[in-house]
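**Student:** Below: one structure in structure tokens.
There are 2 protein chains.
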Amino acid sequence: MASLKSLYDSKTDLGSALHTNFDVDYVVDYRFGTTGKAEAEAQFVKLVQALNDVGLATEVRNGDNSSVLIFVKIASDRHLKAEVYRSRVQDWLYGVRTAAPEKEMQQNLSSEPVTEAERLRLVYLLITKPRNEGGAGITPKSGDWKSVVSVFALHDHEFNKAWIKQLTSKYFLNAKDLSEIKDRFGEKIAFYFAFLQSYFLFLTFPAGFGFCSWILLGQFSPIYAIINGLWCVIFVEYWKKQETDLAVQWGVRGVSKIQHKRPEFQHEHVAQDPITGEEVKVYSPFKRLARQLLQVPFALVAALVLGSLIATCFGIEVFISEVYPGPFKSYLVFLPTVILTLAMPALLSVLTGFASRLTDLENYETTDSHEAAMVSKIFILNFITSYLPIFLTAFVYVPFGQIIVPHLDVFSLTVRPFAEDEKQLTAPKAGFQINPDRLKKQVIYFTVTAQIVNFLLELVLPYITQRFFRKYKAVKADRAMKKNGTASPTADDHPEESAFLIRVRNEAELVAYDVTTDFREMIVQFGYLSLFSVVWPMTAVSFLINNWIELRGDALKIALETQRPVPWRADSIGPWLDALGFLSWMGSLTTAALVYLFNGDGLGPDGTPWSIKAWGLLLTMFLSEHIHLGVQLGVRKALSKIDSPGLQKERAERWAVRKQYLEDSIGQEAADKAASGGITSGEKISSSTLETVFGSGSSANGTPEQRFWLRQRGQDDSIAVGREFIAKAATKAKGESKKEL
Amino acid sequence: MASLKSLYDSKTDLGSALHTNFDVDYVVDYRFGTTGKAEAEAQFVKLVQALNDVGLATEVRNGDNSSVLIFVKIASDRHLKAEVYRSRVQDWLYGVRTAAPEKEMQQNLSSEPVTEAERLRLVYLLITKPRNEGGAGITPKSGDWKSVVSVFALHDHEFNKAWIKQLTSKYFLNAKDLSEIKDRFGEKIAFYFAFLQSYFLFLTFPAGFGFCSWILLGQFSPIYAIINGLWCVIFVEYWKKQETDLAVQWGVRGVSKIQHKRPEFQHEHVAQDPITGEEVKVYSPFKRLARQLLQVPFALVAALVLGSLIATCFGIEVFISEVYPGPFKSYLVFLPTVILTLAMPALLSVLTGFASRLTDLENYETTDSHEAAMVSKIFILNFITSYLPIFLTAFVYVPFGQIIVPHLDVFSLTVRPFAEDEKQLTAPKAGFQINPDRLKKQVIYFTVTAQIVNFLLELVLPYITQRFFRKYKAVKADRAMKKNGTASPTADDHPEESAFLIRVRNEAELVAYDVTTDFREMIVQFGYLSLFSVVWPMTAVSFLINNWIELRGDALKIALETQRPVPWRADSIGPWLDALGFLSWMGSLTTAALVYLFNGDGLGPDGTPWSIKAWGLLLTMFLSEHIHLGVQLGVRKALSKIDSPGLQKERAERWAVRKQYLEDSIGQEAADKAASGGITSGEKISSSTLETVFGSGSSANGTPEQRFWLRQRGQDDSIAVGREFIAKAATKAKGESKKEL
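Top line first, the protein sequences correspond to chains A and B.
Residue 592 in UniProt numbering sits at position 592 of the first sequence; the count goes up by one each step and never skips.
Residue 238 in UniProt numbering sits at position 238 of the second sequence; the count goes up by one each step and never skips.
Pasting the structure below:
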């Protein structure tokens, strides 16, 4: 990756610009193109004042096409430190950290230095938090701040370069690499890379096994199905454990509890927290639950709309490829694909709009829960678009092909203009043979072709467009110069900064990075593996290769094609975990069904639905599912037995805190004793001690209780009395035995 | 319950004896009947010394037939207090209590008085804990202490009487009653009553609904099935929540973590706890897991053995009742019952033996996990014996009756001696009609008759035998007196104590109370409700009545028929929770199957297996199960939204502890600020502050960073510059627009 340098914009030599960010924390991109001069100025003044009011230093520079860039950094080191310490203490109050921060602020900060992610997070909060929580309350693109188009941090290109070099030079990320990512881009993104990493590692097994079984067992092998299912379970359970473990190691476990309020949240009434005494805004969870139920109709509608579109295109495709013999066939075959590529995005955007509307309606309190709800809805859409086509082929086309195909004439009109005679437009009423390879072809398409296409769209295309756009911009600027002497934005840049400012202006143009899309990609991929890989065991191999590139690609994307993301924290991969579980469970059903239907000639019982035993199919699925659930339980139990560094760390901290407290309170010696649970060897009891207890006095007077306990004075008495009893009993026994003689 | 008094042994007037326990904590029953005099004495001496060594006062009295009763109590109040405080601190160290105990021991004890349960528990531990942990290491019936037959606390008859009076006089136990039970008999037993209580309350609904649907819908109604299934889910989920809640309220949450080591536990090696530095004995969890897998063959064998027995008796019964027309039929019908009642207990005891052997093999570290493992095995046995007969009728006899019955001749030999001719011994080869009421009759038997029988066996029979036994003992004693003047054990009782001692001797004869058997009963009962109640909707009504009595009966049992139980702690009903979940899940399957098979004429599709659609059956079960799982998820989510007093309490304590700590460390004012997360309104930034940050100096020299941040001195500069930019841009825009004109 020596040519990495060349990747960076080389219009002007940015050598120096890449070395320093001039201590800038954030850049506020203020665009006043649409607003009038007076208003724009007023707004601008308000903005700068707001920033200064919360202790942020500002420098103003000119931006591209009628925008101003406000460079922000926290003014005094003292202020930053206070912020950091406060947030740490608060973490601890909310139970995120088990160990209390050092009582001395300075001491704490020196013992636990401030990471870049921490600093950037806090500064961002300072800018965006509502005023009553002590922030500047600047919410980009909304409310009063419509003209603030973005608040973004500047890339640390030195680091990025080194980072990508390093990534591309090694196969696996180790813990150090991950925590480095965490310290730069925050836990949320670090979690993505951690997940991608363990997923990649886990893939090696099904890749190897898949390859073997592809050679030895062929497709639809029950053995492969079982092993693959087992693998899915183990992977999901492992990740669950790994996740919490990382959260603990990174000191963010339970951080989701103190996520940031959504400004859009509408409360019904204000109640006082019985515990902290703080005022909390309340919205009835049951109302929310009721609204959440709207997801059901939403899912149904989505399934119906997308389903019918997919089904139609599917039908047309079948008709053209397998019925229509007329001219242009080779071109017409692509007709459905064209329809899909045109109609699908439109539909999806509409449905996504609905989804977000719905999520707003559910009115969540925190950004996290809001995101999670949105994700779950998006997942439904993805599920339909990604898997439905294969479902159709596997469970409709193959078994029922011979019934359906004859009725596909309805689609004949799509090709009518090209047909030479009617015959070409009528499906054969009988003797039609379904295409056995269709299913396999489809799976290969989704697991190889689609992945590659996706990668190109995701990484390469944006890069090219970006380059083009910048060239275009430069040319335009020059033309403007020549045409009328109006100064280009660069006109009054200080020479020392100009390179830097060009870089910043470029970064201002970039889009924001959204980690959820990358997550979605991986989860959907996992879905193919667990649901359909039995059709084509090589699936995992393709994924293994793809993900090696994917990981580096995403790194490149973050480094070059998006603004530097705000380093948010997170304690898990959130809702995606449920998605994983759901998919691996679903896999136990589909895989079983596929094996039952296609095992053997890989074509289903000669492709006719009648020869399929419905009860056999159901029974297979039923069993496979319950085995899956059973195994899951077992694996979970087994994993829970294993102690992990994270959990150990946590236990240790807990214990330390308590021990500490104990020592403060009842002194070292006592603490040890209490902790070890040792018991002072009880003092010998003599009648005297008892007397002290009861107040001395002859056994004559005093309460019956006292007399009872003073009958035998000390253990010697008791022993003597007991001896007596035993002896007596013994003699008595002897006596009786004598008599019996 | 005025006649309660009469329930107590009225041989001698124990009026006084019932009022006081002479401050006795425990009675050690030392029996030397078998051992020789010398050895017996030596052992006895050792025993008394061991007790005294750990600070326990002893009094010795004569016991029945060659036994000595050693009365034990903690010698000095100081010693007790130390024990209590130590255990509380330890609880806290292990995370059982969130709030730290008062730093001053006295203060703590006064603020949180010692409950009777707590005292008794600690004294019992003092007696039984191994010596190295500071106990006397006396383990009844095992090791050196074979001759110590029991260590039991004395009943507080005053309390018992009042308690039972109270129970019988009210319908529902409230929180106060439960915590009273907890303070007397420990959390473990309190949890049983709490469970029984909520179960009873929940039963009211299915009882009412069941009664209605019995009148309106008849049996096998899908509506009833759905509602009942829903109820099961809600109940189980509710209890899960309730359980943790109670645990928190009673301050025992997570107490299972510090359960007591099993003396029998064998460790592989000793490791040092990385955290506490204590030495811990380790046994590989994987070895254990491997051994746990032995449960599978065990379950299979049990199923096979018990199953075949039940099936045989079932076959005989069917043959006799529905084929055999000969004489004595009315008596012979009971033959299978007789066989069962004879063979079953023997088989069960054998299998239970196996189970306990297996559990020992699994070599658990703590008594709790040991118990849990045993329980799960016992549950398997119960499951088979309780439910298999109904399964046979529902899923074998009814659908396949017409195929099987003709082959039942094999059982003819059971009645051969009584038959008059061969014809009576041969089953009709065709045209046999199965008995439609059998299933219902069976369910009614198990849900009504069996419950009553069980109650009699459990409570009344023991009471009678006890009474008889005591009479017999008294008579024998008198005879012995007359025959040879040997003194009865009561001979040298001090008159003041004699009544008390008689009472103690009687209590020594009693069996120990085992709460698990009572739990088992309830769980099995719940099973009938969730699995088969669709056959006879009145089930719940019968259970409702039964359980009202059951609760009081169990109280009576504890009070009169068993020794006072050691008040152990627990933080849940343990393994029974899983059993509950399993049964309600199983219910979703069986109920669906029953409805599908028998809905309509309540006899299955004219009783012939061929007319049953296998796929229909499977599909019904499949759907019902998945609806069940879905609903479960929903209910869990909904319940998790509800805040409960227990969880609130916990949060409050957590918060308090941290706040406290904070105040200790960084002072009231700072604490408030940090807690409220408020931010000091940032100080205005002027160039001066910046200069102080960077060290003052003209912008000429210094690092580029410094110069960058000093270009605009303070916010006014920035604003001015920004204004300029905006103005320029505006004019430029105007200019362009002019040109375009």
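Ideal placement from N, C-alpha and C gives every residue a C-beta, glycine not left out.
1) Report the rounded CA-to-CA distance for A/Y324 versus A/T341, giving the unit in angstroms.
2) Check for me: the alpha helix (DSSP H) holding B/E507 runs from which residue to which?
3) Since A/R31 meets chain B, which of its residues come closer than 8 Å, beta carbon to beta carbon?
4) With DSSP as the reference, label A/R61 as helix, strand or coil.
5) Below 7 Å on C-beta distance, what does B/G218 contact in chain A?
6) Tell me where the beta strand (DSSP E) around A/Q272 begins and ends.
7) How should B/I403 be labelled, buried or exposed, when 16 other C-beta atoms within 10 angstroms of its C-beta is the threshold for buried?
8) CB A/Y30 to CB A/V68, shorter than 8 Å?
9) Pick out the complete beta strand (DSSP E) segments inside the stretch 178-253 of chain B, 3 residues or longer, and give them in chain order.
10) How is B/K141 classed by DSSP in three states: helix, strand or coil?
11) Can the beta-carbon of A/R121 be found closer than 8 Å to that of A/R569?
12) Cα separation between B/L597 and A/V396?
13) Compute the Euclidean distance between the alpha carbons of A/Q660 and B/W250, then round it to the nearest angstrom.
14) Give the secondary structure of A/S67 by DSSP, where H, G and I count as helix, E and B as strand, and everything else as coil.
15) Against B/R711, what residues of chain A qualify as contacts under a CB-to-CB distance less than 8 Å, listed in chain order?
16) Given that a residue counts as buried once 16 or more other Cβ atoms are within 10 Å of its Cβ, and exposed if not, what is A/N160?
17) Using only the alpha-carbon positions, how far apart do A/R564 and A/A153 sit?
18) For the stretch 48-73 of chain B, enumerate the residues whose C-beta is nearer than 9 Å to any C-beta of chain A, in chain order.
19) Are the stretch 446-457 of chain A and the stretch 541-550 of chain A in contact at 8 Å, needing three or more beta carbon pairs?
20) Might you give, ordered along the chain, the residues of its own chain that have their beta carbon closer than 7 Å to the beta carbon of A/E102, omitting 5 neighbours on each side?
21) What is the rounded straight-line gap between the Cα of A/A190 and the Cα of A/S256?
22) Return the CA-CA distance between B/G602 and B/H260, expressed in angstroms with no decimal places.
23) If distances are taken between C-alpha atoms only, which option among B/T204, B/N435, B/D409, B/G210 comes closest to B/P399?
24) Against chain A, with Cβ distances strictly below 8 Å, would B/W214 count as a contact?
25) Going by beta-carbon coordinates alone, are A/L358 and A/G307 separated by less than 8 Å?
26) CB-CB under 7 Å to B/A99, same chain, minus the five flanking residues each way: which ones, in chain order?
27) Can you pull the chain A residues whose beta carbon is under 8 Å from the beta carbon of B/D23, in chain order?
28) Could you pull the DSSP bridge partners for B/T562 from this structure?
29) Have a look at A/A638 and A/K649 and give me their C-alpha separation to the nearest angstrom.
30) CA-CA distance, residue 799 of chain B and A/W239?
31) Apart from the five residues on each side of it in sequence, which residues of its chain come closer than 6 Å, Cβ to Cβ, to A/E317?
32) Please list, in chain order, the chain D residues whose beta carbon lies closer than 9 Å to that of A/A727.
33) On the DSSP letters alone, give me the boundaries of the alpha helix (DSSP H) that A/D368 sits inside.
34) Could you confirm whether any beta carbon from chain A is found closer than 8 Å to the beta carbon of B/K473?
35) So, with DSSP's three-state summary, where would you put A/E102?
36) DSSP three-state call for B/K73: helix, strand or coil?
**Tutor:** So, from the listed chains and residues:
1) Against the first sequence, residue 324 of chain A aligns to sequence position 324. Against the first sequence, residue 341 of chain A aligns to sequence position 341. Distance between the alpha carbons of A/Y324 and A/T341 is about 22 Å.
2) Looking up residue 507 of chain B in the second sequence gives position 507. Start and end: 495-509.
3) Sequence index remark: in the first sequence, residue 31 of chain A carries index 31 (1-based). None at all; the shortest Cβ gap to chain B is about 10 Å.
4) Indexing the first sequence from 1 puts residue 61 of chain A at position 61. The answer is strand: DSSP assigns A/R61 an E or B state.
5) Along the second sequence, one-based indexing puts residue 218 of chain B at 218. Going along chain A, no residue has its Cβ under 7 Å from B/G218, so there is no contact; the nearest lies around 29 Å.
6) What you label residue 272 of chain A is simply residue 272 of the first sequence in a count that begins at 1. Start and end: 269-272.
7) Residue 403 of chain B sits at position 403 when you count from the first residue of the second sequence. It counts as exposed.
8) Along the first sequence, read from residue 1 onward, the residue named residue 30 of chain A stands at position 30. Along the first sequence, read from residue 1 onward, the residue named residue 68 of chain A stands at position 68. In contact: A/Y30 and A/V68 (Cβ atoms closer than 8 Å).
9) none
10) Residue mapping note: residue 141 of chain B aligns to position 141 of the second sequence, counting from 1. DSSP places B/K141 in coil when its eight states are reduced to three.
11) As a working mapping, residue 121 of chain A is identified with position 121 in the first sequence. As a working mapping, residue 569 of chain A is identified with position 569 in the first sequence. Contact: yes.
12) Residue mapping note: residue 597 of chain B aligns to position 597 of the second sequence, counting from 1. Residue mapping note: residue 396 of chain A aligns to position 396 of the first sequence, counting from 1. Distance between the alpha carbons of B/L597 and A/V396 is about 30 Å.
13) In the first sequence, the residue the question calls residue 660 of chain A occupies position 660. In the second sequence, the residue the question calls residue 250 of chain B occupies position 250. If I take the Cα positions, the gap works out to 26 Å.
14) One-based indexing of the first sequence puts residue 67 of chain A at position 67. Strand.
15) The count along the second sequence starts at 1 and reaches residue 711 of chain B at position 711. E59, H494, listed in chain order.
16) Counted from its first residue, the first sequence places residue 160 of chain A at position 160. Buried.
17) Along the first sequence, one-based indexing puts residue 564 of chain A at 564. Along the first sequence, one-based indexing puts residue 153 of chain A at 153. Their backbone Cα atoms lie some 6 Å apart in a straight line.
18) V48, Q49, L51, N52, D53, V54, G55, L56, A57, T58, E59, V60, R61, N62, G63, N65, S66, S67, V68, I70, F71, K73
19) yes
20) Working through the first sequence from its first residue, we reach residue 102 of chain A at position 102. Same-chain partners within the cutoff: N108, S111.
21) On the first sequence, residue 190 of chain A is found 190 positions in, with the first residue counted as 1. On the first sequence, residue 256 of chain A is found 256 positions in, with the first residue counted as 1. Each residue's Cα considered, the two are about 15 Å apart.
22) The count along the second sequence starts at 1 and reaches residue 602 of chain B at position 602. The count along the second sequence starts at 1 and reaches residue 260 of chain B at position 260. In this predicted model, B/G602 has a pLDDT of only 45, less than 50, meaning its place in the structure is not dependable; the value taken from the coordinates is given anyway. Looking at the two C-alpha atoms, the distance is approximately 53 Å.
23) Here residue 399 of chain B refers to the residue found at position 399 when the second sequence is read from its first residue. Measuring from the Cα of B/P399, the nearest candidate turns out to be B/N435.
24) What you label residue 214 of chain B is simply residue 214 of the second sequence in a count that begins at 1. By this cut-off, B/W214 is not an interface position.
25) For the purposes of this step, residue 358 of chain A is taken as residue 358 along the first sequence, with counting starting at 1. For the purposes of this step, residue 307 of chain A is taken as residue 307 along the first sequence, with counting starting at 1. Going by C-beta atoms, A/L358 is not nearer than 8 Å to A/G307.
26) Indexing the second sequence from 1 puts residue 99 of chain B at position 99. Taken in chain order, the residues that qualify are E653, A656, V657.
27) Here residue 23 of chain B is taken as the residue at index 23 of the second sequence, counted from 1. Correct list: E705, F708, W709.
28) As a working note, residue 562 of chain B is residue 562 in the second sequence. Bridge partners of B/T562: B/V511.
29) For the purposes of this step, residue 638 of chain A is identified with residue 638 of the first sequence, where counting begins at 1. For the purposes of this step, residue 649 of chain A is identified with residue 649 of the first sequence, where counting begins at 1. Taking the straight line joining both Cα atoms gives about 21 Å.
30) Nothing can be reported for residue 799 of chain B: it is not among the residues displayed for chain B, which extend from 1 to 741.
31) The residue you call residue 317 of chain A lines up with position 317 of the first sequence. If we look at A/E317 and ignore the five residues flanking it on each side, its Cβ neighbours are P336.
32) As a matter of chain content, chain D is missing from the structure shown, whose protein chains are A and B.
33) In the first sequence, residue 368 of chain A corresponds to position 368, counting from 1. From DSSP, the alpha helix (DSSP H) with A/D368 extends over 367-392.
34) The sequence position of residue 473 of chain B within the second sequence is 473, counting from 1. Not an interface residue.
35) Reading the first sequence from its first residue, position 102 is the one you call residue 102 of chain A. DSSP places A/E102 in coil when its eight states are reduced to three.
36) Counting from 1 along the second sequence, the entry for residue 73 of chain B is found at position 73. Three-state DSSP puts B/K73 in a strand.
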